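*Asks:* Convert by adding 318 to the 1-based position in the sequence shown; the result is the number in our numbering. Ideal Cβ placement from N, Cα and C applies to all residues, glycine included. The structure presented is a predicted model; accordingly, all values stated were derived computationally and were not measured.
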Amino acid sequence: ILKQILTEHTILEGIVPFNVAALGNGIFHQGTDGALYVKSHAQLDEFVRAFKKAKLEIQLEQDMQAVQWAKLLLNLNNSINALSQLPLKQQLSIREYRQCLALAQLEALSLLKIAKIKPAKLTPIPAQFIPKILKLPNAVFKIISKKMLAIDPLARSSMADDLMAGRKTEIDWINGEIVNLAKHLNLNAPINQKLIQLVKRAELRSEPKAWSGFELKARLEQVSKMRPQKSV
319 ILKQILTEHT
329 ILEGIVPFNV
339 AALGNGIFHQ
349 GTDGALYVKS
359 HAQLDEFVRA
369 FKKAKLEIQL
379 EQDMQAVQWA
389 KLLLNLNNSI
399 NALSQLPLKQ
409 QLSIREYRQC
419 LALAQLEALS
429 LLKIAKIKPA
439 KLTPIPAQFI
449 PKILKLPNAV
459 FKIISKKMLA
469 IDPLARSSMA
479 DDLMAGRKTE
489 IDWINGEIVN
499 LAKHLNLNAP
509 INQKLIQLVK
519 RAELRSEPKA
529 WSGFELKARL
539 EQVSKMRPQK
549 SV
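#1: How many angstroms separate the CA atom of K465 from the CA atom of Q515?
#2: State the beta-bridge partners of A507 as determined by DSSP.
#3: Please state if the CB of L378 and the CB of S397 are separated by a distance shorter than 8 Å.
#4: Compare the C-alpha of L503 against each of M477, L429, A457, I448 and name the closest.
#5: For a minimum of 3 consecutive residues, which ranges assigned as the beta strand (DSSP E) are wholly contained in the segment 362-430?
#6: Can you find a C-beta in chain B that's less than 8 Å from the C-beta of M477?
#7: Go through its chain and collect everything with a Cβ distance to A420's Cβ below 6 Å, but skip five positions before and after it.
#8: Could you give the C-beta distance for K527 and A536, rounded to a whole number, given that I count them as a contact under 8 Å?
#9: I'd like the list of long-range same chain contacts for W387, defined as Cβ closer than 7 Å, with 5 residues on each side in sequence excluded.
#10: According to DSSP, what are the bridge partners of F346?
#11: Looking at C-alpha atoms only, which residue of Q446, Q423, A445 is the closest neighbour of A507?
#12: Quick check: what's the CA-CA separation for Q511 versus G494?
#13: Under three-state DSSP, which class holds L354?
#14: Return yes when the Cβ of S475 is within less than 8 Å of the Cβ of A426, no when it is not.
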């Protein structure tokens, strides 16, 4: 859209992979570690120097599509966090919620493999191995994934903030992208479709239901085939 409107300007893709909370009065808090990812371009040289001077990490990339898909895989937790109504750190410390995320990511990874799309490596662990880590028992996960849990105790996903504020969420642009990819491949994505359904149902309520990890996992497992199915 920006490229269509600002035709005389250079518009570059960018990704903010870390959690940001709006605290009000123009103050924004970075709740997790990470660097800004921007499409590599010669005109960025001056900005890169300014970012480094301000001690803000910036990463230049040629293949932003791979970065965007990798970020989307991580963002599949947004719907789960919103439905849990818990801070991110607390939610990710509970195995059943992580198992829900693993289900959503495995479905997405299967579709990406079929589409011959390889997500970029945004975390120390490659995207295809993250679901295995997520499914580990709590005690083991906390040891292996200290960096993943290095989150501000009060940080929540933007989708959780929207849901609690009564705003429409970005579910169609996150889990919806997985469902759209499945449709493009003439397949189904039942796990991500179910998460969309649950979040949209929550959007209609003045007091959304807080799903426990056990409840949400059971609901997702009901529709899970563990692999994308041909649509009919």
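*Replies:* The short version:
#1: Position 147 of the sequence shown, counted from the first residue, corresponds to residue 465. Position 197 of the sequence shown, counted from the first residue, corresponds to residue 515. In a straight line, the C-alpha of K465 is about 31 Å away from that of Q515.
#2: For the purposes of this step, residue 507 is taken as residue 189 along the sequence shown, with counting starting at 1. Bridge partners of A507: none, in fact.
#3: One-based indexing of the sequence shown puts residue 397 at position 79. One-based indexing of the sequence shown puts residue 378 at position 60. Contact check for S397 against L378 fails: the beta carbons are separated by 8 Å or more.
#4: Within the sequence shown, numbered from 1, the residue matching residue 503 stands at position 185. If we check each option's Cα against that of L503, L429 comes out closest.
#5: 376-379
#6: No chain B is present in this structure, which holds just one protein chain.
#7: Counted from its first residue, the sequence shown places residue 420 at position 102. So the qualifying residues of the chain are P449, L452, K453.
#8: Against the sequence shown, residue 527 aligns to sequence position 209. Against the sequence shown, residue 536 aligns to sequence position 218. In fact, because the Cβ distance is near 14 Å, the residues do not count as touching under 8 Å.
#9: Position 69 of the sequence shown holds residue 387. Here the set comprises L430, I435, P437.
#10: On the sequence shown, position 28 is the one that residue 346 refers to. According to the DSSP secondary-structure assignment, F346 is paired through a beta bridge with A340.
#11: In the sequence shown, residue 507 corresponds to position 189, counting from 1. Nearest C-alpha to A507: Q423.
#12: By one-based count along the sequence shown, residue 511 stands at place 193. By one-based count along the sequence shown, residue 494 stands at place 176. Distance between the alpha carbons of Q511 and G494 is about 7 Å.
#13: Residue 354 sits at position 36 when you count from the first residue of the sequence shown. For L354, the three-state secondary structure derived from DSSP is strand.
#14: Translated into the one-based positions of the sequence shown, residue 426 becomes position 108. Translated into the one-based positions of the sequence shown, residue 475 becomes position 157. No, Cβ-Cβ distance for A426 and S475 is not below 8 Å.
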